[in-house]
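Quick notes on the structure that follows.
Residue numbers (UniProt numbering): 1 to 526.
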């Protein structure tokens, strides 16, 4: 026992000594580089600490910390996050300059150590640098997988999954029982996107393989939220120490995920060894990617297909469900707005049928609720970092090559110089203005802008708007007994997306005549 203890202590001391030595060496390198390098007119910023720079300032909610710093140091700041210089912009004008005027220069991504492990060496479309293969994958996703025809063709999937979710919600709510909307909406969105992508559903299935798949998705989403803030991400030279065991945990998860994605590819190859054209509408996303691989053998590997699949599934599922939950929570806190939405639904849709996707364009107030949710509760409060490979100008300042650039959409959405009463949830502000979510209105950037804008924004909008409309139309929702609207917590929790820190649990009763549910195939509602 004493020998084991001694070995443990020695190993800890060796690791600590190695860390200190590496920090001193790297710090010295950067000091020499700064003293001998080109002089720049750099953006202002707060004083940092030796070695770690400004990491200590970020805290558990980096978007909030950076918003407060911007109030003191301005809408463009230079920070040092570990060994990486990082510029943070917090205004629509600067966001426009970075994402539109400097789009070509800032379209690249920095290298992520976590992405190297979890995203097949950063091969996902969201993390890979701007290159020929990235352009090919973007084109395949936008023109083949997410074409207007394919989205229209898949609307039956969204309708059926949504009807199944409504049935689960109303059944679980029998007798005044509280319904866990976090669980229901997470399952809804994930089942919709996996059915669309490779014709499988993972939640609500009694199949053991499906349950394991759902567990893999949950683990990936959880790990994605913490992996960008582990020591090795800011000090890559410390990766070999694996401080806290984060790297080992990511490697184990990556192996589990790889087995899952490999099985998906294998099953599709077994079903059809003679792939059709990727434009064929009867192909799912995996079929499309495998057809693309056949046409571009030298550029599209299995690992790349797995990375792209994982990227699409993880990004769409976590962000869409989080936005819905924020919207429902805000409506439960403001009964007047809830009544307005439901009155509009009764006027446009009536109470003799369910909502269809074609109704959404006429639901003006509901769409305003979604935009206001995006403004006040952006699920990506900090857009993924951009990086330029050349020196550029931004906000009149010099931005050296390899500097990371972050856009704080959270700060933009809460800036009183842009929005009246910015902390108040007011959908009415979007009724008569031209602000959209297509990357042209830099006051509101839920999907980003420029070359790196989310390629699936149209499907994301439809997913959120349609699900919210159907739930609000079919369900009466009430807070738990004894809880008033002001008691409903709106505390945030940072992760793969910005979510509420507490699960949304509500009482639910049917809102429409029983015949409407029966006609739609929704059972056991009475």
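No residue lacks a Cβ here, since even glycine has one placed at the ideal position from N, Cα and C.
Spatial distance of residue i from residue j (CA atoms)
i           : j           : result
residue 532 : residue 386 : Because the chain spans 1 through 526 in this model, residue 532 falls outside it and cannot be assessed.
residue 84  : residue 391 : 15 Å
residue 357 : residue 339 : 21 Å
residue 557 : residue 202 : Examination of residue 557 is not possible in this model, given that the chain is present from 1 through 526 alone.
residue 497 : residue 318 : 6 Å
residue 350 : residue 344 : 9 Å
residue 297 : residue 80  : 41 Å
residue 258 : residue 306 : 8 Å
residue 486 : residue 479 : 11 Å
residue 475 : residue 468 : 11 Å
residue 303 : residue 457 : 25 Å
residue 122 : residue 335 : 45 Å
residue 75  : residue 510 : 48 Å
residue 308 : residue 176 : 42 Å
residue 77  : residue 200 : 46 Å
residue 3   : residue 254 : Since pLDDT at residue 3 reaches only 40, below the 50 mark, its modelled position is unreliable, and the value read off the structure follows with that caveat. Residue 3 and residue 254: Cα-Cα distance of roughly 35 Å.
residue 455 : residue 138 : 7 Å
residue 162 : residue 53  : 47 Å
residue 247 : residue 236 : 12 Å
residue 45  : residue 282 : 54 Å
residue 113 : residue 243 : 14 Å
Beta-carbon proximity of residue i to residue j, cut-off 8 Å
i           : j           : result
residue 430 : residue 439 : no
residue 58  : residue 65  : yes
residue 520 : residue 354 : yes
residue 316 : residue 193 : yes
residue 360 : residue 465 : yes
residue 444 : residue 375 : yes
residue 369 : residue 144 : no
residue 97  : residue 394 : yes
residue 322 : residue 379 : yes
residue 182 : residue 411 : no
residue 87  : residue 437 : no
residue 499 : residue 320 : no
residue 427 : residue 492 : no
residue 324 : residue 477 : no
residue 269 : residue 290 : yes
residue 142 : residue 129 : no
residue 241 : residue 506 : no
residue 286 : residue 197 : yes
residue 494 : residue 60  : yes
Integer Cβ distance of residue i from residue j, believed to fall under 8 Å
i           : j           : result
residue 217 : residue 190 : 6 Å
residue 508 : residue 170 : 6 Å
residue 484 : residue 310 : In fact, because the Cβ distance is near 42 Å, the residues do not count as touching under 8 Å.
residue 327 : residue 490 : At roughly 12 Å, the Cβ-Cβ gap does not stay under 8 Å, so residue 327 and residue 490 are not in contact.
residue 408 : residue 89  : 7 Å
residue 512 : residue 126 : Not confirmed; about 40 Å, so no contact.
Per-residue burial, residue i [other beta carbons within 10 Å of its own, 16 or more giving buried]
i           : result
residue 156 : exposed
residue 166 : buried
residue 267 : exposed
residue 63  : buried
residue 184 : buried
residue 342 : buried
residue 415 : buried
residue 528 : Residue coverage of the chain in this structure runs from 1 to 526, which leaves residue 528 outside it and unanswerable.
residue 168 : buried
residue 347 : exposed
residue 135 : exposed
residue 275 : Confidence in residue 275 is poor, its pLDDT being 49 and thus under 50, which makes the residue's placement too unreliable to answer from.
residue 396 : exposed
residue 195 : buried
residue 91  : buried
residue 214 : buried
residue 233 : buried
residue 69  : buried
residue 231 : buried
Range covered by the beta strand (DSSP E) that runs through residue i
i           : result
residue 506 : 505-510
residue 103 : Per DSSP, residue 103 belongs to no beta strand (DSSP E) and is neither H nor E.
residue 397 : 397-399
residue 404 : 404-407
residue 196 : Per DSSP, residue 196 belongs to no beta strand (DSSP E); it is in the alpha helix (DSSP H), 181-198.
residue 522 : Where residue 522 is concerned, there is no enclosing beta strand (DSSP E), given that its DSSP letter is neither H nor E.
residue 288 : Element bounds for residue 288: not the beta strand (DSSP E) but the alpha helix (DSSP H), 285-295.
Residue i, enclosing alpha helix (DSSP H) - first and last residue
i           : result
residue 243 : Premise fails: residue 243 is in no alpha helix (DSSP H) and is neither H nor E.
residue 365 : 364-376
residue 170 : 155-172
residue 96  : 92-96
residue 478 : From DSSP, residue 478 is part of no alpha helix (DSSP H) but of the beta strand (DSSP E) over 475-478.
residue 305 : 302-333
residue 67  : 62-73
residue 57  : 55-58
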